[in-house]
Amino acid sequence: MTEFKKNYKELKTNINSENTKLISFLIYGIILGRLIEKIKKARKKINFRK
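For the sequence shown, the positions run -10 to 39 when our numbering is used.
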């Protein structure tokens, strides 16, 4: 657990404002991709029932 805290603190200090924007875009991209997958899956279920 102490290694995790140490690595987290190092990561936090190494991230500047430019990298923060990049990381946030990556996270939003992952979330958006998951939502699109769920929508496609739901559409397939609806079409399959018809």
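Glycine residues also receive a C-beta, built at the ideal position from the N, C-alpha and C atoms.
As the structure is a prediction and not an experimental result, all values here were calculated from the model.
When the Cα atoms are used, what is the spatial distance from residue i to residue j?
i	j	result
E26	R32	10 Å
T2	E(-8)	15 Å
K(-6)	L0	10 Å
K29	I20	14 Å
I35	T9	39 Å
Under a three-way DSSP split, which group does residue i fall into?
i	result
N5	coil
For residue i, collect the residues of the same chain with a Cβ closer than 7 Å to its Cβ; drop the 5 residues on either side in sequence, then sort them by chain order.
i	result
R23	none
Tell me which residues share the same chain as residue i and place their Cβ nearer than 8 Å to its Cβ, disregarding the 5 neighbours each side in the sequence.
i	result
I4	I12
With a threshold of 8 Å between beta-carbons, can residue i be considered close to chain D, or not?
i	result
K10	You won't find chain D in this structure, because it holds only one protein chain.
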